[in-house]
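Asker: Here's a structure for you.
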Amino acid sequence: MNIILFGPPGAGKGTQAEKLISRFNIPHLSTGNIFRSNIKNQTPLGKKVKAILDDGKLVPDETVVEIVTDELQKDEYQKGVVLDGFPRTVIQATALDKFFSDNGSRIDAFVTLSVPEEELISRILSRGEGRSDDTPEKIKTRLQVYRNETEPVLNHYKKQNLVKVIDGVGSIDEIFDRILKALK
Ligand code: ADP
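When you line the sequence shown up against the numbering used here, it's residues 51 to 234, in that order.
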């Protein structure tokens with residue numbers, strides 16, 4: 051089962067992804083986690099993307115698409131994947147669709163977590179993960195980038211009838227139950 055978890059920064063994609071992977075026993079692929087671990091380990095990729103993440107901007111499509119498609123070819127993803135943080139632009143979505151269709155696979159569900167903007171900001175500021183992009187100014191940039199570049203991905207998948215809109219306000223378990231119902 052291939053699931054895309056979608057939504058603005060702070061919507062809870064990472065938290066719900068963790069619950070989905072343990073329920074369905076499929077791996078989690080988070081582009082944000084990949085970038086942060088490369089930055090931490092000072093790899094060439096990490097050096098290339100550090101300033102971009104710090105600014106709250108998007109890593110170039112070409113780079114992200116290459117990483118994700120390389121990763122998805124590994125054995126561990128053949129049963130499925132929970133994608134979190136990808137695709138984030140229509141170009142990435144189109145590349146992902148092509149990858150799945152070339153490999154005789156498909157997206158089973160596109161789950162989008164809906165959370166009001168004030169709540170997103172307060173969640174990010176209070177989660178205290180110490181991320182360099184979790185400052186009020188950078189959060190503003192990330193929300194702007196989301197609206198301009200990422201939200202159009204929703205329409206891309208609405209056209210394919212894959213979108214499940216989930217109310218992302220409530221307890222972690224309540225939201226997870228809503229996702230499970232939507233996946234049935
Ligand atoms: P959040 O959803 O809270 O913003 P993520 O961990 O998904 O956090 O992403 C953190 C940062 O990593 C983004 O602001 C962006 O710079 C980079 N990033 C992650 N995924 C992508 C992607 N698919 N395309 C471009 N940049 C990405």
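Note that beta-carbon positions come from the ideal geometry of N, C-alpha and C, so glycine has one too.
Enumerate in chain order the residues of its own chain whose CB-to-CB distance from Phe-150 is below 6 Å, with the five nearest sequence positions on each side excluded.
Answerer: So the list reads Arg-156, once near-sequence residues are dropped.
Asker: Which complete alpha helix (DSSP H) runs does the region 114-140 hold, if anything under 4 residues is left out?
Answerer: The region 114-140 contains no whole alpha helix (DSSP H) run of 4 or more residues.
Asker: Could you check which residue in Thr-162, Glu-224, Pro-186, Gln-194 has the C-alpha nearest to that of Leu-204?
Answerer: For the residues Thr-162, Glu-224, Pro-186, Gln-194, the minimum Cα distance to Leu-204 belongs to Thr-162.
Asker: Work out the CA separation of Lys-209 and Phe-160 for me, nearest whole Å.
Answerer: Near 12 Å, if we compare the C-alpha coordinates of Lys-209 and Phe-160.
Asker: Report all residues from its chain with a CB closer than 7 Å to the CB of Gly-64; omit the five preceding and five following residues, and keep chain order.
Answerer: The answer, listed in chain order, is Ser-80, Asp-134.
Asker: Counting Cβ pairs, one atom from each stretch, are 3 or more of them under 8 Å apart for the region 86-94 and the region 119-127?
Answerer: Because the criterion of three Cβ pairs below 8 Å is not met, the region 86-94 and the region 119-127 do not touch.
Asker: Counting only C-beta atoms, is Ala-61 closer than 7 Å to chain C at any point?
Answerer: Absence of chain C from the displayed structure is noted, only one protein chain being present.
Asker: Please report the straight-line C-alpha distance between Phe-74 and Leu-108, rounded to a whole angstrom.
Answerer: So the alpha carbons of these two residues sit roughly 30 Å apart.
Asker: What are the start and end residues of the alpha helix (DSSP H) that includes Asp-227?
Answerer: 222-233 is the extent of the alpha helix (DSSP H) around Asp-227.
Asker: May I ask whether a heavy atom of ligand 1 can be found less than 6 Å away from the beta carbon of Pro-166?
Answerer: It does not: the Cβ of Pro-166 is nowhere closer than 6 Å to a heavy atom of ligand 1.
Asker: State the start and end residues of the unbroken beta strand (DSSP E) segment that holds Val-161.
Answerer: Here the beta strand (DSSP E) through Val-161 covers 159-164.
Asker: Might you give, ordered along the chain, the residues of its own chain that have their beta carbon closer than 8 Å to the beta carbon of Asp-104, omitting 5 neighbours on each side?
Answerer: Result list for Asp-104: Ser-182, Asp-183, Lys-188, in chain order.
Asker: Spatial neighbours of Gly-62 within its chain, please: CB distance less than 6 Å, with the 5 preceding and 5 following residues excluded, ordered by chain position.
Answerer: Only Leu-163, Gly-218 meet the Cβ criterion.
Asker: From the DSSP output, in three-state form, read off Lys-209 for me.
Answerer: Correct three-state label for Lys-209: coil.
Asker: Who are Lys-214's beta bridge partners in DSSP?
Answerer: Looking at the DSSP assignment, Lys-214 forms a beta bridge with Val-161.
Asker: Just grab the DSSP bridge partners of Ile-54 for me.
Answerer: Bridge partners of Ile-54: Leu-133, Phe-160.
Asker: Any chance the CB of Leu-108 is under 6 Å from a heavy atom of ligand 1?
Answerer: Flag set: Cβ of Leu-108 near ligand 1.
Asker: Is it the case that the Cβ atoms of His-206 and Val-114 are separated by a distance below 7 Å?
Answerer: No; because the gap between Cβ atoms is not below 7 Å, this pair is not in contact.
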